[in-house]
Amino acid sequence: AQSVTQLGSHVSVSEGALVLLRCNYSSSVPPYLFWYVQYPNQGLQLLLKYTSAATLVKGINGFEAEFKKSETSFHLTKPSAHMSDAAEYFCAVRNYGGSQGNLIFGKGTKLSVKP
Amino acid sequence: NAGVTQTPKFRVLKTGQSMTLLCAQDMNHEYMYWYRQDPGMGLRLIHYSVGEGTTAKGEVPDGYNVSRLKKQNFLLGLESAAPSQTSVYFCASSYPSGSGAYNEQFFGPGTRLTVL
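Heads up: the protein sequence lines correspond to chains C and X, in order.
Residue numbering for the first sequence follows this note's numbering, beginning at 1 and increasing consecutively.
Residue numbering for the second sequence follows this note's numbering, beginning at 1001 and increasing consecutively.
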């Protein structure tokens, strides 16, 4: 069975500082991993996805994530935070069990950006 | 191309009332899903469908029913609403299995449901 764990339910950074949101996964097969962002009172938007083509994945809005098999991690980073990055971020892994192909989500990390 | 749409956006119910949430997608996706989002819990799968006329239970199916009579629509029903069903409901869809883009799911804007 697949699962993801997001470390830290809240992360606060200053504008211009590095953003690091942590995600560790558990999977018995090569995983497909995703990061989604949810702005207040909105739906989920795909930031980036790992599908085994490259270990360093670049996404929208300057975010990127690196797949590290040895650490079973897929941490999300952005070199310089912007106020508009304040949102909740979800890491997810595709479920290989059965035929459903649904995503299994972490519990989310709320990012606050201080001026 | 509207993507995935959900109606209604907001709803308040009294305990015991029933309602249906509608999800529609115009991307010709085979797979459709209903999730619920609760604070600190992430998103959890309620029911899903891998094609027209097929549905199956997810992680938290109790108290919900679904139907997929048309490929583009996926309905979520609450027969007798309970306060524990207060949540934000998201519909999602994805391409057929075997497609390189299969892994990505596209989400609707959500329905905020409050059961009093």
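Glycine residues also receive a C-beta, built at the ideal position from the N, C-alpha and C atoms.
These numbers were taken from a predicted model, which means no experiment stands behind them.
Output the distance between the C-alpha atoms of Pro115 (chain C) and Thr1055 (chain X), rounded to the nearest integer angstrom. 48 angstroms
Does the segment 26-38 of chain C come into contact with the segment 1024-1032 of chain X, if we say contact requires no fewer than three beta-carbon pairs (one atom in each stretch) closer than 8 angstroms? no
With a CB to CB cut of under 7 angstroms and the five nearest residues on each side skipped, what residues in its chain are close to Ser52 (chain C)? Pro30
Paired residues, beta bridge with Phe63 (chain C) - DSSP: None, per the DSSP bridge assignment.
Looking only at C-alpha atoms, which of X:Gly1016, X:Tyr1033, X:Gln1006 sits nearest to Gly1063 (chain X)? X:Gly1016
Spatial neighbours of Ala1082 (chain X) within its chain, please: CB distance less than 7 angstroms, with the 5 preceding and 5 following residues excluded, ordered by chain position. Thr1015, Gly1063, Val1115
Local conformation of Asp1038 (chain X) per DSSP, three classes: strand
Neighbouring residues, chain C, relative to Gln1025 (chain X) (Cβ below 7 angstroms): Within 7 angstroms Cβ-Cβ: nothing; Gln1025 (chain X) doesn't reach chain C, min ~13 angstroms.
Give me the subset of the segment 42-61 of chain C whose CB atoms are less than 9 angstroms from a CB atom of chain X, sorted by chain position. Gln42, Gly43, Leu44, Gln45, Leu46, Lys49, Thr51
Suppose the cutoff is 6 angstroms on Cβ atoms and the five residues either side in sequence are ignored; what does the same chain contact list for Met1032 (chain X) look like? Ser1049, Phe1074, Ser1093
Mind listing the chain C neighbours of Gly1108 (chain X)? Cutoff is C-beta to C-beta under 8 angstroms, in chain order. Gly43
Is Glu1079 (chain X) a contact residue of the ligand HEM, with contact defined as CB to any heavy atom under 7 angstroms? Absence of the ligand HEM from the depicted structure is noted, as is the absence of any ligand whatsoever, leaving it without description.
For my contact list, Leu46 (chain C) and Phe63 (chain C) are in at a C-beta cut-off of 8 angstroms; report their separation, rounded to the angstrom. With a Cβ gap of about 11 angstroms, Leu46 (chain C) and Phe63 (chain C) do not count as contacting.
To which residues does DSSP link Val1115 (chain X) through a beta bridge? X:Leu1013
In its own chain, which residues sit with a C-beta less than 7 angstroms from the C-beta of Gln1072 (chain X), not counting the 5 before and 5 after it? Ala1024, Gln1025, Asp1026
When the distance is taken between beta carbons, is Gly1058 (chain X) closer than 8 angstroms to Leu1045 (chain X)? yes
Against chain A: residues of the segment 1029-1051 of chain X by CB proximity under 7 angstroms: The question asks about chain A, but that chain is absent: this structure's protein chains are C and X.
Just the Cα atoms here: how many angstroms apart are Phe67 (chain C) and Glu1104 (chain X)? 17 angstroms
Secondary structure at Met83 (chain C), three-state DSSP: helix, strand or coil? helix
Classify Gln1072 (chain X) as helix, strand or coil using the three-state DSSP reduction. coil
Are Thr1111 (chain X) and Lys1009 (chain X) close, meaning C-beta to C-beta below 8 angstroms? yes
From Val1088 (chain X) to Pro1109 (chain X), what does the alpha carbon distance come to, in whole angstroms? 10 angstroms
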